[in-house]
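Peer 1: Pasting a structure here, questions to come.
Number of protein chains: 4
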Amino acid sequence: MSHNIDGSVLNIRTDLAIEEVNTENVETISDENIKITNIVIDENNKNLYNKKIGNYITIEFDDVTDYNNAKKVENILIKELKKILKLTNIKDKDKCLIIGLGNQKSTPDSLGPLTINNIIVTNHFFNIGINVEEGFRSTAAFSPGVMAQTGLETSNIINAIVKEEKPDFLIVIDSLKASSIDRLNKTIQITDTGISPGSGIGNNRKEISKDNLNIPVIAIGVPTVVDSITIVNDTFNYITNHFSYMKKNIDNPKEKLKIIRTNISKDNIDENDKKELFGLIGNLNENEIKSLIIEVLNPIGYNMIVTPKEIDFVIEKLSNIISGAINNSLHKNVTNL
Amino acid sequence: MSHNIDGSVLNIRTDLAIEEVNTENVETISDENIKITNIVIDENNKNLYNKKIGNYITIEFDDVTDYNNAKKVENILIKELKKILKLTNIKDKDKCLIIGLGNQKSTPDSLGPLTINNIIVTNHFFNIGINVEEGFRSTAAFSPGVMAQTGLETSNIINAIVKEEKPDFLIVIDSLKASSIDRLNKTIQITDTGISPGSGIGNNRKEISKDNLNIPVIAIGVPTVVDSITIVNDTFNYITNHFSYMKKNIDNPKEKLKIIRTNISKDNIDENDKKELFGLIGNLNENEIKSLIIEVLNPIGYNMIVTPKEIDFVIEKLSNIISGAINNSLHKNVTNL
Amino acid sequence: MSHNIDGSVLNIRTDLAIEEVNTENVETISDENIKITNIVIDENNKNLYNKKIGNYITIEFDDVTDYNNAKKVENILIKELKKILKLTNIKDKDKCLIIGLGNQKSTPDSLGPLTINNIIVTNHFFNIGINVEEGFRSTAAFSPGVMAQTGLETSNIINAIVKEEKPDFLIVIDSLKASSIDRLNKTIQITDTGISPGSGIGNNRKEISKDNLNIPVIAIGVPTVVDSITIVNDTFNYITNHFSYMKKNIDNPKEKLKIIRTNISKDNIDENDKKELFGLIGNLNENEIKSLIIEVLNPIGYNMIVTPKEIDFVIEKLSNIISGAINNSLHKNVTNL
Amino acid sequence: MSHNIDGSVLNIRTDLAIEEVNTENVETISDENIKITNIVIDENNKNLYNKKIGNYITIEFDDVTDYNNAKKVENILIKELKKILKLTNIKDKDKCLIIGLGNQKSTPDSLGPLTINNIIVTNHFFNIGINVEEGFRSTAAFSPGVMAQTGLETSNIINAIVKEEKPDFLIVIDSLKASSIDRLNKTIQITDTGISPGSGIGNNRKEISKDNLNIPVIAIGVPTVVDSITIVNDTFNYITNHFSYMKKNIDNPKEKLKIIRTNISKDNIDENDKKELFGLIGNLNENEIKSLIIEVLNPIGYNMIVTPKEIDFVIEKLSNIISGAINNSLHKNVTNL
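Chains as they are written, first to last, in this note's numbering: chain A, 1 to 337; chain B, 1001 to 1337; chain C, 2001 to 2337; chain D, 3001 to 3337.
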């Protein structure tokens, strides 16, 4: 079993509710190739899943580098943000502090700071008594950096500023870690349960949540990295399903031709195929395999992240979508032209 | 008389003590073309100058784009920082928070954030119980951004973080405003009297000082801009002295030839020449001329800064000098190899 | 007379046609507070103005930090770009190379490189035989940097790439120098006469134009700086007109109250007032005053630029407008949603 | 077998000579934990290895985030650069063009552009006849960007500029792809055989080499990424050796305790253990396994890179080491103080 920096046992966990919750019995809306899933974790089901009580909205889409698709995602994000503002009882005049977590200098971790760059801030106008147009609330925006650069616990910085500035609610943007490479840059999760800074690419840090700060915290996250454990494990599964597919189609040359362009899934593993293919390893279940990978990779001292090559381009598009949607949902007078 | 945003009368003021204090009776050391001036403002002379009680060390130099010259300036800055740490009773193990004021996106205002990029931070290692090598103290570093980007009063952010993190002392780096174009990027001021964020390029904001934070605050500032009032007024003076020079040398062609390469000073104005040359304007004293310039430029709504063309290059060199000197003076184990 | 680096006599010149041409007899369209001026320099009038033969379209506007205003400016820029593409006989399938001149690290000089960041490039898809959607032409984009960083003459780099890549036409974006502070960040000039890199903030460099490259060159420029000569001279004029205004209204307290908020123009100087106010200096004409300012400021070795404080914010908006308009006017399939 | 974008068969290849060449019979010098290996590929051994004829110098080190270690690496790099300049017959006055390949916006691919930021350029002074101090040669520096941003083939841009500017030799800096995670950011390779831009993180592009440009090309590369195939395959091997180790020490609890801190190698695989552990997969050789991984991952359309989390910090240190060493080895008058 592997240990992280503070000596506690590392739980293999994901930042995305949708990856842990059985979504068969949740509401799902499909809109123009964009899928929205609402998951509610409450007293009844919280023990089933390793997730906090609250709402989790997941928007799944295909490709935000396409301009028209990006516009659609932005419009849906506006609608869902307005919905969660209502669910959390945010009023029109409530003062909002928007926080961009992450490291501007590390491309896959720069989503938060990049988003902050395009947030409309008005709080200083309210403070110094400048007449602000009707339809704008008080907003402030902030990027606390990461502990490796500041030497400070990010949650402490946020806690301090919340105490000083007394916003009515927070919106926090962060890069997340997915537990599957299929989701990278193709999912936005909105939740009112808060966030742990650095949980995506670092160790668990103190949580930014209503429990700790006494004001509503809406977290917007996008999985931009998987860790090396995930990609190894996913590959095991792809290999197994590839093998199962080949076995079934061994005499069917037409089907075999499909293989290059077909997206063989890594899910619904045939356990017997896995054992045949992978020997002793194939006898382990997913969690055992992951523990084993952690066990062997950890001593090398390398903490690797896996990210698509075109991440710089995609992250810019995603930050534009999120900043646009935040500006639009917070201020009545901003319209998504 | 001109008014700034909150209705109060704008005082024409400078961030540099050396520009306001009569330095004839202060200690001055000249070392390899680098001049160090120590000014002490105390109960006796504080009414003479518009400056707070405390120590002001000014290092004047010529050109930091020269590698060897930059090294000399860095070494002197290390010595002077160590001196002021001693004067302020900072102990070897005292925890330091280093703050980079200013706007990373605006070249002449980016000195603070650029310097922070190269500060050695160790505070998180102390906090999580990692064994830190002997010879390193606890340091943290932070760039609060500017109000136009965050909507938050910079001094409030700093106040909040100081309350939360309880450092023993602060070092604050900022771009300053000079009241003379000769000084731009050629002076470093160190003071234990604190700083007002944005005083260089913006309005007076709340002060970051021992008075407000109850811990020593060492401010390191470099004048990187002058305002438009300064350049106009300086030009008036240069023109006057040019005129005086020409008059005196009207029959001396040899002297006249010098003019192109000579650095005609803008100081020691001949008041009669000024009147002859500038008519009614020449009858005004310096403060009256500055007030007049503010009066006519202000309504245009433009708040202009004046900076040298090569500012991007110079600011990088200056930030390297300052971060190197801070690292070296704070940690015994860092040597300026 | 002052000399620049290569020994030639410096001509006081501006990059904006509209500042040198008597626009009384040119077509001017006023559209929702945005003014468009078409100036045509031809064989007949080229000697009147210090400008090359060709078309100069000038779009004047007020404030691009307002979202709705920015959208209007972008739409007009699209229309005018399409017009000049037609005038220059550019065909739908002609291959375009877009070049962003300037220094990304110096905020007022970063317009070109920032614009390039958001240009849609397709040339590599055409080259490697990927099927490009109907409605897209071949586009490439490039930022050559500045000579102080590269050691290379910018026009040489462009010349080399044009020879190698053989585009059918160029679009070049650059920061310009205005000769009046009123215009800063409030004017876009489009011309088919080309551009001299660095003419805005540096010395005259070799021209990027059809004459030199044998393909049409459309230049898009925005004045983002004035030099120190301009601000001093402008101030002289503002002071004079302020004085004229005060004299006329000396017994009219109501009118005097207006002064703080009124935009006293710096144009239409009363020459007698100027003489009364400025003595000998007031007897000089504008060019003589400018030469005098250059004469006295040059030997200090400072080459100063003057720019508004909020330049970082404005330049980002301007680059978005220009990149959006270029993408839209070059590709039929991009719409300004 | 997998296919890349232009239809050709993808060869699994590495950018590092040291990973392909049997280094038992090459000169190796160990200096203060830094290992230098000289590999010479000539007519006799070129068919043994998939490498071009020429010199390959490899510097292996541990950690450049340690200041003193970084200085040692820089000093060795200076020595080795001077050596290869001599080997390539570069004269003291030969004009050098330094090129930083890669994408400034993608952290692991930003080594080239970051290095360029700190290169001393002098070429423009020579060109305009400014007297350059003795001990400086003519240098120019350039970052051509990447094809995804420019739409232009990088090698074409370089070819064009070389034709125009006629430097006597090139130094090219790039991020490389390693075929083993142990090497990431811990190896610098210098070679006189040139480089293929984008070979590290992209497809094979046209080569930048003496063969194509007719001038010496010295390439400096650091492996900053591995691809997903590598990390999966490495993990297979780590698991196997972990298994072998456990089997041998099953009754030796003391040895078992070592496992967490011990760096179990991924090399010297026991083939029987591999078969027992991995079943059918264990019967494949390394190349077959890699082909299989490519086969199953490719159709997902994801082209993943694997990089250490702290890459932003390390890449900055590496770029400082390389720029410092280039400045020092090219100009006699720059000393590594």
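Glycine included, every Cβ here is placed at the ideal spot set by N, Cα and C.
These numbers come from a predicted model, not from an experiment.
1. According to DSSP, simplified to helix, strand and coil, what is residue 2047 of chain C?
2. What residues from chain A crowd round residue 3105 of chain D, counting only those whose CB sits closer than 7 Å?
3. Determine, using beta carbons only, whether residue 3330 of chain D comes closer than 8 Å to chain C.
4. For residue 3060 of chain D, write down the residues that DSSP places opposite it in a beta bridge.
5. Listed in chain order, which residues of the segment 1206-1227 of chain B have Cβ atoms closer than 8 Å to some Cβ of chain A?
6. Assign residue 3009 of chain D to one of two classes, buried (16 or more other C-beta atoms within 10 Å of its C-beta) or exposed (fewer than that).
7. Contact defined as beta carbons within less than 8 Å: I believe residue 2120 of chain C pairs with residue 2327 of chain C. What is the distance between those atoms, to the nearest angstrom?
8. By Cβ distance below 6 Å, which residues in the same chain neighbour residue 143 of chain A in space, the five residues on each side in sequence not counted?
9. Along chain D, which residues have their Cβ under 7 Å away from the Cβ of residue 54 of chain A?
10. Going by DSSP, which residues form a beta bridge with residue 2305 of chain C?
11. Please report the Cβ distance between residue 3080 of chain D and residue 3036 of chain D, rounded to the nearest whole angstrom; I am assuming they are in contact, meaning their Cβ atoms lie under 8 Å.
12. Taking 8 Å as the cut-off, decide whether the C-beta atoms of residue 1279 of chain B and residue 2271 of chain C are in contact.
13. For residue 1017 of chain B, which residues does DSSP report across the bridge?
14. With a Cβ-Cβ cutoff of 8 Å, do residue 1945 of chain C and residue 2046 of chain C count as a contact?
15. Please classify residue 1318 of chain B: does DSSP put it in a helix, a strand, or coil?
16. Just the chain B side, please: which residues come within less than 9 Å of residue 2278 of chain C by C-beta, in chain order?
17. For residue 2318 of chain C and residue 212 of chain A, what's the separation of their Cα atoms in angstroms?
18. Closer than 9 Å, Cβ to any Cβ of chain D: which residues of the segment 2136-2164 of chain C, in chain order?
19. Flag this pair as touching only if the segment 301-317 of chain A and the segment 3090-3110 of chain D have three or more C-beta atom pairs under 8 Å; answer yes or no.
20. Do you know how far the Cα of residue 2166 of chain C is from the Cα of residue 308 of chain A?
21. When the Cα of residue 1333 of chain B is compared with those of B/1132, B/1141, B/1322, B/1242, which residue comes out closest?
22. Can you find a CB in chain B that lies within less than 8 Å of the CB of residue 2235 of chain C?
23. Could you check the C-alpha separation between residue 1178 of chain B and residue 1061 of chain B for me, to the nearest Å?
24. Is the separation between the beta-carbon of residue 293 of chain A and that of residue 229 of chain A shorter than 8 Å?
25. Which residues of chain D have a Cβ atom closer than 8 Å to the Cβ of residue 2122 of chain C, listed in chain order?
26. Would you call the segment 3082-3096 of chain D in contact with the segment 3216-3228 of chain D, where contact means no fewer than 3 C-beta pairs closer than 8 Å?
27. Hey, residue 3082 of chain D and residue 3329 of chain D are a contact pair by Cβ (cut 8 Å); roughly how many whole angstroms apart?
28. If the cut is a Cβ gap below 7 Å, which residues of chain B does residue 2297 of chain C touch?
29. Considering only C-alpha positions, which residue in the set A/148, A/267, A/118 is nearest to residue 1123 of chain B?
30. Could you check whether residue 195 of chain A and residue 172 of chain A sit closer than 8 Å to each other, using their CB atoms as the reference points?
31. Give me the chain D residues within the contact set of residue 304 of chain A, using Cβ-Cβ distance strictly less than 9 Å, ordered along the chain.
32. Checking contacts by CB at 8 Å: is residue 2293 of chain C closer than that to chain B?
33. Please report the distance separating the alpha-carbon of residue 324 of chain A from that of residue 2070 of chain C.
34. By how many angstroms is the C-alpha of residue 1146 of chain B removed from the C-alpha of residue 163 of chain A?
35. Could you check how far apart the C-beta atoms of residue 3306 of chain D and residue 306 of chain A are, in whole angstroms? I think they sit under 8 Å.
Peer 2: Concretely, from the data shown:
1. Working through the third sequence from its first residue, we reach residue 2047 of chain C at position 47. Three-state result, residue 2047 of chain C: coil.
2. The count along the fourth sequence starts at 1 and reaches residue 3105 of chain D at position 105. Within 7 Å Cβ-Cβ: 107, 312.
3. In the fourth sequence, the residue the question calls residue 3330 of chain D occupies position 330. No, residue 3330 of chain D does not count as interfacial toward chain C.
4. Translated into positions along the fourth sequence, residue 3060 of chain D becomes position 60. Listed as beta-bridge partners of residue 3060 of chain D by DSSP are D/3035, D/3187.
5. For the segment 1206-1227 of chain B, no residue has a beta-carbon sitting nearer than 8 Å to a beta-carbon of chain A.
6. Position 9 of the fourth sequence, counting from 1, holds the residue named residue 3009 of chain D. Per-residue confidence for residue 3009 of chain D stands at a pLDDT of 30, beneath the threshold of 50, marking its modelled position as unreliable; no derived number is given.
7. Within the third sequence, numbered from 1, the residue matching residue 2120 of chain C stands at position 120. Within the third sequence, numbered from 1, the residue matching residue 2327 of chain C stands at position 327. Approximately 5 Å separates the beta-carbon atoms of residue 2120 of chain C and residue 2327 of chain C; this is inside 8 Å, confirming the contact.
8. Position 143 of the first sequence holds residue 143 of chain A. Within the same chain, residue 143 of chain A has close Cβ partners 100, 113, 116.
9. As a first step, residue 54 of chain A must be located in the first sequence, where it is residue number 54. Residues of chain D whose Cβ lies closer than 7 Å to the Cβ of residue 54 of chain A do not exist, since the nearest Cβ in that chain is about 28 Å away.
10. Along the third sequence, read from residue 1 onward, the residue named residue 2305 of chain C stands at position 305. B/1307, C/2227, per the DSSP bridge assignment.
11. The residue labelled residue 3080 of chain D in the question sits at position 80 within the fourth sequence. The residue labelled residue 3036 of chain D in the question sits at position 36 within the fourth sequence. About 7 Å separates the CB atoms of residue 3080 of chain D and residue 3036 of chain D; that is less than 8 Å, so the two are in contact.
12. Translated into positions along the second sequence, residue 1279 of chain B becomes position 279. Translated into positions along the third sequence, residue 2271 of chain C becomes position 271. With respect to residue 2271 of chain C, residue 1279 of chain B sits apart: the two C-beta atoms are not nearer than 8 Å.
13. The residue labelled residue 1017 of chain B in the question sits at position 17 within the second sequence. Answer is none; residue 1017 of chain B lacks a bridge partner.
14. In the structure as shown, chain C begins at 2001 and stops at 2337. Residue 1945 of chain C is therefore absent and cannot be evaluated.
15. Walking along the second sequence from the start, residue 1318 of chain B turns up at place 318. In the three-state reduction of the DSSP assignment, residue 1318 of chain B falls in the helix class, which pools H, G and I.
16. Here the question's residue 2278 of chain C lines up with position 278 in the third sequence. Listed along the chain, the chain B residues whose CB falls inside 9 Å of the CB of residue 2278 of chain C are 1277, 1278, 1279, 1280, 1281, 1282.
17. As a working mapping, residue 2318 of chain C is identified with position 318 in the third sequence. As a working mapping, residue 212 of chain A is identified with position 212 in the first sequence. Separation of residue 2318 of chain C and residue 212 of chain A (C-alpha to C-alpha, rounded to the nearest whole angstrom) is 42 Å.
18. Listed by position, the residues of the segment 2136-2164 of chain C near chain D (Cβ gap below 9 Å) are 2138, 2139, 2140, 2141, 2142, 2143, 2144, 2145, 2147, 2148, 2149, 2150, 2151, 2152, 2153, 2156, 2157, 2159, 2160, 2161, 2162, 2163, 2164.
19. With the cut-off at 8 Å, the segment 301-317 of chain A and the segment 3090-3110 of chain D touch.
20. Taking the first residue of the first sequence as position 1, residue 308 of chain A is located at position 308. Taking the first residue of the third sequence as position 1, residue 2166 of chain C is located at position 166. If I take the Cα positions, the gap works out to 33 Å.
21. For this step, residue 1333 of chain B is matched to residue 333 along the second sequence. For the options B/1132, B/1141, B/1322, B/1242, the alpha carbon positioned closest to that of residue 1333 of chain B is the one of B/1132.
22. The residue given as residue 2235 of chain C occupies position 235 in the third sequence. Judged by the 8 Å Cβ criterion, residue 2235 of chain C is in contact with chain B.
23. If you number the second sequence from 1, residue 1178 of chain B lands on position 178. If you number the second sequence from 1, residue 1061 of chain B lands on position 61. Taking the straight line from one Cα to the other gives about 15 Å.
24. Here residue 293 of chain A refers to the residue found at position 293 when the first sequence is read from its first residue. Here residue 229 of chain A refers to the residue found at position 229 when the first sequence is read from its first residue. Yes.
25. Position 122 of the third sequence, counting from 1, holds the residue named residue 2122 of chain C. Near residue 2122 of chain C (Cβ distances below 8 Å), the residues of chain D are 3151.
26. Contact between the segment 3082-3096 of chain D and the segment 3216-3228 of chain D is present, because at least three Cβ pairs lie under 8 Å.
27. Locating residue 3082 of chain D in the fourth sequence gives position 82, where the first residue counts as 1. Locating residue 3329 of chain D in the fourth sequence gives position 329, where the first residue counts as 1. By a beta-carbon distance limit of 8 Å, residue 3082 of chain D contacts residue 3329 of chain D. Their separation comes to about 5 Å.
28. Taking the first residue of the third sequence as position 1, residue 2297 of chain C is located at position 297. Within 7 Å of the CB of residue 2297 of chain C, the CB atoms of chain B belong to 1235, 1238, in sequence order along the chain.
29. The residue given as residue 1123 of chain B occupies position 123 in the second sequence. Looking at the Cα atoms, A/148 is the closest of the given residues.
30. Reading the first sequence from its first residue, position 172 is the one you call residue 172 of chain A. Reading the first sequence from its first residue, position 195 is the one you call residue 195 of chain A. Residue 172 of chain A places its beta carbon less than 8 Å from that of residue 195 of chain A.
31. Numbered from 1 along the first sequence, position 304 holds the residue referred to as residue 304 of chain A. Going along chain D in sequence order, the residues near residue 304 of chain A (Cβ under 9 Å) are 3181, 3184, 3226, 3231, 3306, 3307, 3308, 3309.
32. As a working mapping, residue 2293 of chain C is identified with position 293 in the third sequence. The C-beta of residue 2293 of chain C comes closer than 8 Å to at least one C-beta of chain B.
33. Along the first sequence, read from residue 1 onward, the residue named residue 324 of chain A stands at position 324. Along the third sequence, read from residue 1 onward, the residue named residue 2070 of chain C stands at position 70. Going from the Cα of residue 324 of chain A to the Cα of residue 2070 of chain C covers about 16 Å.
34. Against the first sequence, residue 163 of chain A aligns to sequence position 163. Against the second sequence, residue 1146 of chain B aligns to sequence position 146. Within the model, the alpha-carbon separation for residue 163 of chain A versus residue 1146 of chain B is close to 19 Å.
35. Position 306 of the fourth sequence, counting from 1, holds the residue named residue 3306 of chain D. Position 306 of the first sequence, counting from 1, holds the residue named residue 306 of chain A. That pair is a contact at about 5 Å.
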